[in-house]
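So the sequence lines, in the order shown, correspond to chains A and B. One gets the working numbering by counting positions in the first sequence from 1 and adding 516 to each. One gets the working numbering by counting positions in the second sequence from 1 and adding 84 to each. Just so it is clear, CB atoms sit at the ideal spot from N, CA and C, and this is done for glycine as well. Okay, structure first, notes after.
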Amino acid sequence: MAAEVLNAPGLLEQVAAVARRSVMRTLRQRALLVFPLLFPLILFAINGSALSAATRLPGFPPVSYRAFALAVPFMQGALFVAVTAGTDLARDIESGFFNRLALTPLRGGALLAGQLGGSIVVACVQSVVYLVVGVATGVGIASGVGGALVLLALSILISFGFAGVGTLLAVRFGTGEAVQGFFPLLFVTLFLSSSSLPRSLIKVPWFHAVATYNPVSYLIEGVRSLVITGWDARALALGFGFAIALVILSLGFAVAAMKNRLVRT
Amino acid sequence: MSESGAAIEVEGLVREFRKGPRAVDGIDLAVSPGEIYGFLGPNGAGKSTTVLMLTTLLPPTSGRASVGGFDIVHQGSQVRASIGAALQEAALDSILTGREHLLLQATLQGVAKATRVRRSQELLERVGLTEAADRRVGGYSGGMKRRLDLALALVHGPRILFLDEPTTGLDLQSRTALWSEVSRLAHDEGMTVFLTTQYLEEADTLADRVGIIDRGKIVAEDTPARLKAEIGSPTVEVVPADPSTADAFAEQLAQFGVPSRNGRDSIGVQLPQGEAQLAEVIRALDQAGLHVASLHLHQPSLDDVFLAKTGRKLEGAAAASEPEVQPAPRGRRRRGR
């Protein structure tokens, strides 16, 4: 019972097959969608109300704190995507499924790209929900409908970059525990940024310095500018620039790590 | 096939791990097309490491091997195209269904789009998973997972099949069903099967030839019948009705050979002239007035072969062996079975 025709599948076909699996896995595990959605929204609700007094600080942008803070759920969601993407791949490595894939003509890059398919789905759903919830709670998008679409694109790009970080950790360390162990560290980068206050109002020198050198500040400020400022070319250039750099670096290192992980003669 | 006509040919294959043991220590073997080769040994003997090297997932430290006529180091992709493999754990995705697994595997293996669905259905029928095909694998029993694993290994119609401990943890019924399918693949379809196992019965029942590996070295290799014949005559084991007469039993049995105490109550002796001497044993014990609680004639087994070659029983030998190593990134190899 030999299979009739064997042709090495093309790169796109490989990516599509792995991506289809990744998306199916994600959609069938509702917890992967629900909790990363809820947690940032709960924090958004709490911070939006508890930190509203910050708007009275001299120099604070003339918007509600909810509008100021709306960028944060997009970042938190991206961090969850990193953990989900990394844990999924690490589970494949631990279970031996990865070896099964390694015995096919599948290329390492195709495996990574396909594996991120589910992450993109989660990122799309999350971004749309955060935006809708923001608007529903009275936050206006200063850059209009076009800006909202750009916001979604930037948010998905950021999630893609962080998903790359998650897959890098998975490929490098090969265990879900290692990926999850990095999650608090990733979260700290969010708190050591301009997530809660504009950088100009951070008066503690070390915190100000860290927030200034922390790329996460520019990712947040890119998203935030579309919500509270309108079309801010500098903020968008920095936001997209750092997001693209994150994608290139994380996936670049992940592909390199994959060459070691996918040991085949 | 190789120049010698062997489906699998191995010469001086070695795998060393940094700061670790020589997991495979210069093995030589040849497997003919259509043959079932049983690779028998305790946990940690080097079976899985050998399979990982032969399936191209782990580069050897030295030595050479060809699979399907292709060199495992220099022609890895051709080797992978020729083989199917079900590695030690049934590596399945609990979220996907059996059919989805087969379609994914068929796509990645390059099975023509037009035939993937039919091929998947054929394999599901063959391994008896038609009814469970659209259920998630997370709900499958161990036996069902192993059968799906086998189907996945066959999806691209390989000529050579590697099965790494395919029946470990399965109940007798599932084990027998898998044996039957593997036997059919080899003997009806001419597929070469390289099967590792730690079960004596599996090697004995299924394999045309058996290689016994211990601490990375092949200590014996032949058909199961010849290996057992090499050990020679059967052993009679007697349990005295009164344990205090054990010494008297040993004294009587000494006229046939060197008696050995097996456990607390049983005394055994090898019968150099075979089963024909059993009547003499019974007569001698009867004439000495010794009462027997039970008496067993024990034919030589592969365990006896293992004992003769290594000085240890196969069961429990794992504790004395070094751990095997799973593939992991270079520089950060992960230990364990």
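Starting from the C-beta of residue i, find all residues in its chain whose C-beta is less than 8 Å away, skip the five residues before and the five after it, and write them out in chain order.
i, result
"residue 629 of chain A", "531, 534 and 535"
"residue 108 of chain B", "97, 98, 99, 130, 133, 134, 137, 144 and 300"
"residue 222 of chain B", "178 and 179"
"residue 116 of chain B", "89, 90, 91 and 276"
"residue 52 of chain B", "No information on residue 52 of chain B is available, as it lies outside the stretch 85 to 421 that chain B covers here."
"residue 385 of chain B", "284, 288 and 312"
"residue 545 of chain A", "none"
"residue 551 of chain A", "596"
Under 9 Å Cβ-Cβ, which residues of chain B neighbour residue i?
i, result
"residue 757 of chain A", "Those do not exist, as residue 757 of chain A stays about 31 Å from chain B at its closest Cβ, beyond 9 Å."
"residue 545 of chain A", "179"
Let me make sure I understand the geometry here. Which of the options has the alpha-carbon closest to that of residue i?
i, options, result
"residue 560 of chain A", "A:612, A:668, A:624 and A:655", "A:655"
"residue 675 of chain A", "A:584, A:702 and A:537", "A:702"
"residue 275 of chain B", "B:282, B:241 and B:284", "B:241"
"residue 682 of chain A", "A:766, A:588 and A:583", "A:766"
"residue 154 of chain B", "B:185, B:210, B:215 and B:88", "B:88"
"residue 711 of chain A", "A:589, A:545 and A:565", "A:589"
"residue 305 of chain B", "B:393, B:187 and B:204", "B:393"
"residue 377 of chain B", "B:339, B:328 and B:163", "B:328"
"residue 208 of chain B", "B:354, B:249, B:341 and B:190", "B:190"
"residue 164 of chain B", "A:600, A:615, A:543 and A:745", "A:615"
"residue 549 of chain A", "A:666, A:598 and A:642", "A:642"
"residue 186 of chain B", "B:157, B:237 and B:169", "B:237"
"residue 578 of chain A", "A:635, A:729, A:714 and A:601", "A:714"
"residue 650 of chain A", "A:569, A:770, A:543 and A:739", "A:739"
"residue 773 of chain A", "A:727, A:692 and A:686", "A:686"
"residue 613 of chain A", "B:197, B:233 and B:339", "B:233"
"residue 358 of chain B", "B:391, B:349, B:341 and B:176", "B:341"
"residue 573 of chain A", "A:716, A:770 and A:725", "A:716"
"residue 263 of chain B", "B:286, B:174 and B:334", "B:286"
Can you pull the chain A neighbours of residue i, defined as C-beta to C-beta under 9 Å?
i, result
"residue 164 of chain B", "618, 619, 620, 621 and 780"
Applying a beta-carbon distance threshold of less than 7 Å, which residues of chain A neighbour residue i?
i, result
"residue 139 of chain B", "619"
"residue 26 of chain B", "This structure does not reach residue 26 of chain B, given that chain B is present from 85 up to 421, and the question cannot be answered."
"residue 188 of chain B", "533 and 537"
In this structure, how does DSSP classify residue i when only helix, strand and coil are distinguished?
i, result
"residue 180 of chain B", "coil"
"residue 715 of chain A", "helix"
"residue 527 of chain A", "helix"
"residue 146 of chain B", "strand"
"residue 729 of chain A", "helix"
"residue 551 of chain A", "helix"
"residue 114 of chain B", "strand"
"residue 167 of chain B", "strand"
"residue 619 of chain A", "coil"
"residue 217 of chain B", "coil"
"residue 314 of chain B", "helix"
"residue 760 of chain A", "helix"
"residue 370 of chain B", "helix"
"residue 123 of chain B", "strand"
"residue 340 of chain B", "coil"
"residue 558 of chain A", "helix"
"residue 778 of chain A", "coil"
"residue 674 of chain A", "helix"
Short of 7 Å in beta carbon distance, which residues of its chain neighbour residue i, apart from the five on each side in sequence? Order them along the chain.
i, result
"residue 519 of chain A", "Because the pLDDT of residue 519 of chain A is 46, which lies under 50, any placement of that residue in the model is unreliable, and the number read from its coordinates should be weighed accordingly. Same-chain partners within the cutoff: there are none."
"residue 617 of chain A", "627"
"residue 345 of chain B", "351"
"residue 599 of chain A", "682, 695, 696 and 699"
"residue 755 of chain A", "670, 734, 735, 737, 738 and 739"
"residue 640 of chain A", "672"
"residue 769 of chain A", "684"
Quick one: list the residues of chain B neighbouring residue i, beta-carbon separation under 8 Å, in chain order.
i, result
"residue 529 of chain A", "191"
"residue 541 of chain A", "177, 179 and 180"
Which chain B residues are close to residue i, counting only those with a beta carbon under 7 Å from its beta carbon?
i, result
"residue 625 of chain A", "What residue 625 of chain A touches in chain B: nothing, since even the nearest Cβ is about 14 Å away."
In chain A, which residues lie with their C-beta within 8 Å of the C-beta of residue i?
i, result
"residue 171 of chain B", "612, 615 and 616"
Near residue i, which residues of its chain fall below 6 Å by C-beta distance, leaving aside the five closest residues on each side in sequence?
i, result
"residue 663 of chain A", "657 and 742"
"residue 569 of chain A", "none"
Review point. Does the pairing of the region 139–146 of chain B with the region 284–302 of chain B give three or more beta-carbon distances under 8 Å?
Key: no
Check your understanding: Is there contact here, the region 633–647 of chain A with the region 722–733 of chain A, by at least three beta-carbon pairs under 8 Å?
Key -> no
**Study point:** Inter-stretch contact at 8 Å, needing at least 3 Cβ pairs: the region 350–364 of chain B / the region 310–323 of chain B
**Key:** yes
Review point. On the three-pair Cβ rule with 8 Å, is the region 245–260 of chain B touching the region 208–227 of chain B?
Key: yes
Review point. Are the region 693–702 of chain A and the region 572–590 of chain A touching by the rule of at least three beta carbon pairs closer than 8 Å?
Key: no
Review point. On the three-pair Cβ rule with 8 Å, is the region 759–777 of chain A touching the region 661–681 of chain A?
Key: yes
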